[in-house]
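In our numbering, the protein residues as written are 545 to 783.
The C-beta atom is built at its ideal place from N, Cα and C for all residues, glycine as well.
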Ligand SMILES: [Zn+2]
């Protein structure tokens, strides 16, 4: 879940593969699209340092209707269904942490994109919404007010703001309140030696997700437009 940058980046890369008319919505509603690329992850940030009930709802979210948000959520869905099997296998094998690994992968992508130094980048600025956008997004979840969703998105941006702060001691102390879960947001300066060997394999999974995105996006567009049932590729839940 800390992989906010990976999801944003993937979303920007597949924008042109989104079928019309949804592409226009995604391009015009940039903020809604950007936050949508995070899927239900913002709910995790209701209280980012401890598990909570709203966080859990992220795993049950359904009945999505907002077009830009819906196609954007496909970004999070496809990327994670390609990368998570690998991430889960790697972290189950050793004393590795899912979130720490995803933070390292974000660092790797930022470096690849020439955004240097990765640990001080302000990609979190892409994660904000107007009041109307918050209402649109919140309506896609059960029992979630626009206010609560806005709180989650602000926290999402704030956590990444703190994590990429120049004041590393302050960031470490604040995020450390959440123990390992909190500290996982903090990128290392340079590759994280515990996880960096997994960057390339995860990037391969990322590239595979890019390759099959257009077919999936077309399928989702047909489902939204004409109610064509979704194929088995959509069976896995967000996770
Ligand atoms: Zn993950």
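- According to DSSP, is residue 778 helix, strand or coil? Note: residue 778 maps to helix in three-state DSSP.
- In the DSSP assignment, find the unbroken alpha helix (DSSP H) run with residue 728 in it and report its ends. That residue, residue 728, is in no alpha helix (DSSP H); it is neither H nor E in DSSP.
- Own chain residues within Cβ distance below 6 Å of residue 615, not counting five before or after: Same-chain partners within the cutoff: 562, 566 and 570.
- Pairing CB atoms from the stretch 574 to 590 with CB atoms from the stretch 692 to 703, are three or more of them under 8 Å? Short answer: they touch.
- Message: Pop quiz: residue 550 and residue 664 are said to be a contact at Cβ under 8 Å. What is the actual Cβ separation, rounded to whole angstroms?
- Response: The Cβ separation is near 18 Å, so there is no contact.
- When burial is assigned at 16 or more other CB atoms within 10 Å of the CB, is residue 539 buried or exposed? Examination of residue 539 is not possible in this model, given that the chain is present from 545 through 783 alone.
- Environment of residue 651 [buried if 16+ CB atoms lie within 10 Å]: Answer is buried; the Cβ neighbour count reaches 16.
- Message: Following a CB-centred definition, is residue 642 positioned closer than 8 Å to any heavy atom of ligand 1?
- Response: Flag set: Cβ of residue 642 near ligand 1.
- Message: Using only the alpha-carbon positions, how far apart do residue 765 and residue 751 sit?
- Response: Whole-angstrom Cα-Cα distance: 22 Å.
- Query: CB-CB under 6 Å to residue 605, same chain, minus the five flanking residues each way: which ones, in chain order?
  - Reply: Below a pLDDT of 50, predicted positions are generally treated as unreliable, and residue 605, at 43, falls in that range; the measurement from the model is reported next regardless. Cβ within range, chain order: 584 and 685.
- Item | Classification of residue 743 by the beta-carbon crowding that lies within 10 angstroms, buried from 16 upward | Classification of residue 743: buried, given that the 10 Å Cβ count is 16 or more.
- Message: Measuring straight from C-alpha to C-alpha, what distance separates residue 676 and residue 735?
- Response: For residue 676 and residue 735, the gap between their C-alpha atoms comes out near 40 Å.
- Local conformation of residue 566 per DSSP, three classes: Looking at residue 566 - three-state DSSP - the assignment turns out to be helix.
- Message: Going by beta-carbon coordinates alone, are residue 691 and residue 575 separated by less than 9 Å?
- Response: Not a contact, by the Cβ cut-off of 9 Å.
- residue 685 - DSSP class collapsed to helix/strand/coil: Under the three-state reduction of DSSP output, residue 685 falls in the coil class, being neither helix nor strand.
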